[in-house]
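Take a look at the structure below.
Protein chains: 2
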Amino acid sequence: MTPTHVLIVSGGMDSATLAHETVKDGGSPLLLTFDYGQRHKKEIDYARLLGIDVGAPHKVIDLSSVNQILGGSALTDDSIEVPEGHYAADNMASTVVPNRNAIMLSVAYGAAVSLKCPIVGAAMHSGDHVVYPDCRPEFVKAFQKMEKIATEGYSHADLSFWTPYIEMSKAQIATRGLELGIDYSRTWSCYKGGELHCGRCGTCFERKEAFCLIGVEDPTDYERK
Amino acid sequence: MTPTHVLIVSGGMDSATLAHETVKDGGSPLLLTFDYGQRHKKEIDYARLLGIDVGAPHKVIDLSSVNQILGGSALTDDSIEVPEGHYAADNMASTVVPNRNAIMLSVAYGAAVSLKCPIVGAAMHSGDHVVYPDCRPEFVKAFQKMEKIATEGYSHADLSFWTPYIEMSKAQIATRGLELGIDYSRTWSCYKGGELHCGRCGTCFERKEAFCLIGVEDPTDYERK
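Order-wise, the sequence lines are chains A and B.
Just so we're aligned, residue 1 is where the first sequence starts under the working numbering, counting upward by one.
Just so we're aligned, residue 1 is where the second sequence starts under the working numbering, counting upward by one.
Below, the structure written as structure tokens:
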């Protein structure tokens with residue numbers, strides 16, 4: 001069956017919400033997760049779980065070979081420590097994987113063209129903008145324009161790039177997800193990829209903060225609350 | 001050592017010329033070749049040979065996992081026959097691998113950012129334009145603009161995309177290469193990837209035509225002249 005959406009999912013809260021939202025709206029997504037050599041490879045297991053939860057096919061694309069030339073990020077290089085503390089630009093700079101979104105999205109667009117699927121979706125949100133340049137609305141616009149040219153004559157006539165959360169905060173996404181009945185204990189955020197969420201790295205901070213802001217009990221087991 | 005250029009090379013004539021040209025001009029390129037499940041995997045051996053010939057490091061990036069979702073091209077799907085005859089739009093449509101250049105270039109840009117290298121180079125030429133939408137000047141421009149946004153704050157201030165042959169014909173590239181003293185028998189073009197160049201597929205036609213147009217003996221061993 002031709003999917004209605006090709007969605008990039010990480011196993012975290014935002015992309016889980018995107019997948020549930022798609023299915024709730026009657027869509028039949030294909031879920032793609034990328035192994036780019038991230039130390040929190042555990043997120044891939046949670047992305048698989050998401051596929052089961054929403055009843056959608058899920059594929060893991062092995063880009064670990066790319067890691068041999070993409071150095072310098074705390075997410076892929078064990079010699080660089082994952083920063084602790086807030087999810088803010090200065091603190092999180094070492095977690096940038098150069099050009100990650102352009103790489104993953106190019107593959108997702110290739111899949112969409114190949115499968116004649118009209119929508120590519122990704123769950124970047126407003127909190128990402130200051131940290132990751134390739135999560136900003138201007139990136140989305142430029143990427144879409146580039147792809148229109150790159151796939152002209154081959155892609156679905158109106159292949160579109162769907163980023164519904166790009167102006168939303170993580171707390172707003174969590175609110176939306178809870179309305180959809182998502183059990184967020186079945187998602188993984190922590191960049192450290194240990195037994196439990198560490199509770200100290202930037203993305204754990206952001207996760208805890210989202211639940212705190214909306215006044216809902218956080219279902220996550222943290223190593224440190 | 002930081003490379004001066006990250007070059008995408010296939011093992012064919014155009015990218016071989018690009019690599020020789022870079023080294024002749026005093027550059028120290030890093031050569032990248034992509035295994036995307038192409039049936040003419042043989043080209044990768046020729047790309048390795050190119051690395052040896054120009055004395056540059058060469059890395060093969062394994063994207064074969066992407067092939068599970070990028071179907072429908074004669075280059076990656078054994079059930080689709082490689083077309084014979086001229087290198088022209090209608091004839092070569094089945095050889096389009098959806099979004100191939102955006103995928104390979106995104107990885108090359110990621111490498112350039114990571115290595116603090118100022119130039120990404122690729123050898124698309126004017127004959128590619130009618131067949132491959134992602135080889136046209138407007139694609140190059142849109143891709144460059146997208147990358148400027150995607151890597152803002154992390155990339156080399158003036159990271160540029162070098163496509164010196166984009167308005168040249170293959171015959172002009174061959175002329176340039178012969179001036180540089182390139183032995184084109186050490187390159188591979190044929191999409192079929194057999195023992196010898198088949199002499200009948202679109203890219204073999206284009207190769208033969210280039211030597212014929214410039215009146216130089218073609219050093220290639222063809223199955224059928």
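Ideal Cβ positions, reconstructed from N, Cα and C, are used throughout, including at glycine.
Bear in mind the structure is a predicted one, so any value in this text is a computation, not a measurement.
Quick one: Cα of residue i to Cα of residue j, how far?
i, j, result
"Ala-122/A", "Ile-44/A", "16 Å"
"Thr-22/A", "Tyr-109/B", "32 Å"
"Ser-160/A", "Ser-28/A", "16 Å"
"Ala-16/B", "Ser-10/B", "8 Å"
"Met-146/A", "Gln-144/B", "9 Å"
"Asp-25/B", "Pro-57/B", "17 Å"
"Asp-53/B", "Gly-181/B", "12 Å"
"His-20/B", "Ile-103/B", "24 Å"
"Ser-79/B", "Lys-141/A", "37 Å"
"Ala-89/B", "Tyr-191/B", "16 Å"
"Ala-210/A", "Asn-91/A", "18 Å"
"Asp-77/A", "Ala-171/B", "45 Å"
"Leu-7/B", "Ile-8/A", "28 Å"
On the three-state DSSP scale, how would you describe residue i?
i, result
"Ser-155/A", "coil"
"Glu-195/B", "coil"
"Lys-225/A", "coil"
"Ile-69/B", "coil"
"Ser-79/B", "coil"
"Leu-213/B", "helix"
"Glu-167/B", "coil"
"Gly-11/A", "coil"
"Val-61/B", "A quick correction: the sequence has Ile, not Val, at residue 61/B. It is a strand residue."
"Leu-31/A", "strand"
"Gly-26/B", "coil"
"Ser-160/A", "strand"
"His-5/A", "strand"
"Val-131/A", "coil"
How would you label residue i, buried or exposed, when you count the other beta carbons within 10 angstroms and need 16 or more for buried?
i, result
"Gly-119/A", "In the sequence under discussion, the amino acid at residue 119/A is Ile, which differs from the Gly named in the question. Buried, by the Cβ-count rule."
"Lys-116/A", "exposed"
"Ala-47/A", "buried"
"Pro-133/A", "buried"
"Glu-206/A", "buried"
"Gly-215/B", "exposed"
"Gly-85/B", "exposed"
"Cys-212/A", "exposed"
"Pro-183/A", "In the sequence as displayed, the identity of residue 183/A is Asp instead of Pro. The residue in question, Asp-183/A, is exposed, as its Cβ has fewer than 16 Cβ neighbours within 10 Å."
Take residue i as the anchor and find which of the options has the nearest alpha-carbon.
i, options, result
"Met-1/B", "Pro-137/B, Ser-114/B, Ala-102/B and Gly-12/B", "Ser-114/B"
"Gln-68/B", "Ala-112/A, Leu-70/A and Asp-14/A", "Ala-112/A"
"Met-124/B", "Leu-18/B, Lys-192/B and Pro-3/B", "Leu-18/B"
"Thr-203/B", "Ser-65/B, Ile-214/B and Thr-220/B", "Thr-220/B"
"Ser-155/A", "Asp-62/A, Asp-35/A, Ser-106/A and Leu-213/A", "Ser-106/A"
"Asp-14/A", "Arg-176/A, Ser-64/A, Phe-34/A and Cys-198/A", "Arg-176/A"
With hydrogens ignored, establish whether the beta-carbon of residue i is closer than 7 Å to any heavy atom of the ligand FAD.
i, result
"Gln-68/A", "The ligand FAD is not part of the structure shown, which contains no ligands of any sort."
Against chain D, does residue i count as a neighbour if the rule is that its beta carbon must be under 8 Å from one of theirs?
i, result
"Gly-37/B", "No chain D is present in this structure, whose protein chains are A and B."
### the segment 59-70 of chain A: positions lying closer than 9 Å to chain B by Cβ
Lys-59, Val-60, Ile-61, Asp-62, Leu-63, Ser-64, Ser-65, Val-66, Gln-68, Ile-69 and Leu-70
### Query
Which of the residues in the segment 147-177 of chain A, read from start to end, lie with their CB under 9 Å from any CB of chain B?
Glu-147, Lys-148, Ile-149, Ala-150, Thr-151, Glu-152, Gly-153, Tyr-154 and Ser-155
### Message
Please identify, using Cβ separations under 7 Å, the residues of the segment 90-124 of chain B that lie next to chain A, in order along the chain.
### Response
Val-96, Pro-98, Asn-99, Asn-101, Ala-102, Ile-103, Ser-106, Val-107, Tyr-109, Gly-110, Ala-111, Val-113 and Ser-114
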